[in-house]
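The working numbering applies: residue 32 is where the sequence shown begins, and numbers increase by one.
The beta-carbon is built from N, C-alpha and C at its ideal position, and this holds for glycine as well.
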Amino acid sequence: MRTVVKLLEEGLGLKVHLDKTKIVDNLVEPFIFLGYVFKQGYYHSPSDKAVKKFKKRIKDVTKRNQTINLEEFVKHRLNPIIRGWGRYFGIGFSKKLFQQLDSWIRRRLRMIQLRSWRKIRKLHRELRKRMWEGELPHLSMTKWRSSLTQHVHFAIPNERFREIKLVFLLDIYNELHPQRG
Numbered sequence: 032m033r034t035v036v037k038l039l040e041e042g043l044g045l046k047v048h049l050d051k052t053k054i055v056d057n058l059v060e061p062f063i064f065l066g067y068v069f070k071q072g073y074y075h076s077p078s079d080k081a082v083k084k085f086k087k088r089i090k091d092v093t094k095r096n097q098t099i100n101l102e103e104f105v106k107h108r109l110n111p112i113i114r115g116w117g118r119y120f121g122i123g124f125s126k127k128l129f130q131q132l133d134s135w136i137r138r139r140l141r142m143i144q145l146r147s148w149r150k151i152r153k154l155h156r157e158l159r160k161r162m163w164e165g166e167l168p169h170l171s172m173t174k175w176r177s178s179l180t181q182h183v184h185f186a187i188p189n190e191r192f193r194e195i196k197l198v199f200l201l202d203i204y205n206e207l208h209p210q211r212g
């Protein structure tokens with residue numbers, strides 16, 4: 032430890048915080064560095080703290096009590112956040128996490144769209160436009176649970192998010208790891 036501290040402080044001019052610095056065998060004990068959790072030698076993924084911070088930032092931007100143009104909102108407010116976080120953490124082993132976060136972000140956007148429509152008849156109009164065959168739903172346009180219903184997914188499918196050019200974390204991951212698929 033003394034040798035490492037001496038090298039970093041004297042050789043490179045860096046300040047070492049002794050209370051934060053420790054030496055670990057990452058084959059046995061995982062450690063967190065720069066937002067990543069390193070474990071089992073080579074594997075690294077975003078830390079829980081980094082994921083919570085990202086989700087909080089997305090929540091702050093996608094408040095449910097706003098009425099917005101979804102396309103402009105995605106382009107100017109949401110995509111830069113997703114792209115930055117995805118590029119930084121995309122080099123890790125986080126495909127499943129990225130899939131879950133993509134799904135959660137789309138659900139947040141569906142909730143915003145429901146809130147923007149305000150009236151159930153706009154949802155019904157969208158369902159009829161997309162050739163919905165079942166009964167038209169009676170659900171609250173302001174409830175979080177409504178954004179998970181089959182009707183809302185049919186009215187606002189994932190392809191709609193591709194049309195408005197929402198950045199998908201999974202696309203970033205696949206771009207950074209073409210060999211992993």
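Can the beta-carbon of residue i be found less than 9 Å from the beta-carbon of residue j?
i: HIS107; j: ARG141; result: no
i: LEU128; j: LYS86; result: no
i: ASN57; j: LYS196; result: no
i: ARG146; j: ASN96; result: yes
i: LEU170; j: THR180; result: yes
i: ALA186; j: GLU157; result: yes
i: HIS182; j: LEU200; result: no
i: VAL198; j: ILE113; result: yes
i: ILE151; j: MET172; result: yes
Between which two residues does the alpha helix (DSSP H) harbouring residue i extend?
i: SER147; result: 126-148
i: ILE54; result: That residue, ILE54, is in no alpha helix (DSSP H); it is neither H nor E in DSSP.
i: LEU101; result: 101-104
i: ARG33; result: 33-37
Please classify residue i: does DSSP put it in a helix, a strand, or coil?
i: TYR73; result: coil
i: HIS182; result: helix
i: LEU43; result: coil
i: ARG118; result: helix
i: LYS151; result: Lys is not the amino acid found at residue 151; the sequence shown has Ile there. Here ILE151 sits in helix by DSSP.
i: TRP163; result: coil
i: VAL198; result: coil
i: ILE203; result: helix
i: LEU158; result: helix
i: ARG95; result: coil
i: LEU58; result: coil
i: VAL208; result: The sequence given here places His at residue 208; Val does not occur at that position. If DSSP states are grouped into helix, strand and coil, HIS208 belongs with coil.
i: LEU109; result: helix
i: SER171; result: coil
i: ILE89; result: helix
Taking the beta strand (DSSP E) that residue i belongs to, which residues open and close that run?
i: PHE62; result: 62-64
Which residues share a DSSP beta bridge with residue i?
i: TYR67; result: PHE64, PRO77
Please report whether the beta-carbon of residue i lies at a distance below 9 Å from any beta-carbon of chain C.
i: ILE89; result: Of the protein chains in this structure there is only one, and it is not chain C.
Exercise. Looking at C-beta atoms only, is the number of pairs between the segment 189-209 and the segment 129-140 that lie closer than 8 Å three or more?
Worked result: yes
Problem set entry | Contact the segment 62-69 vs the segment 114-133: 3+ CB pairs below 8 Å | yes
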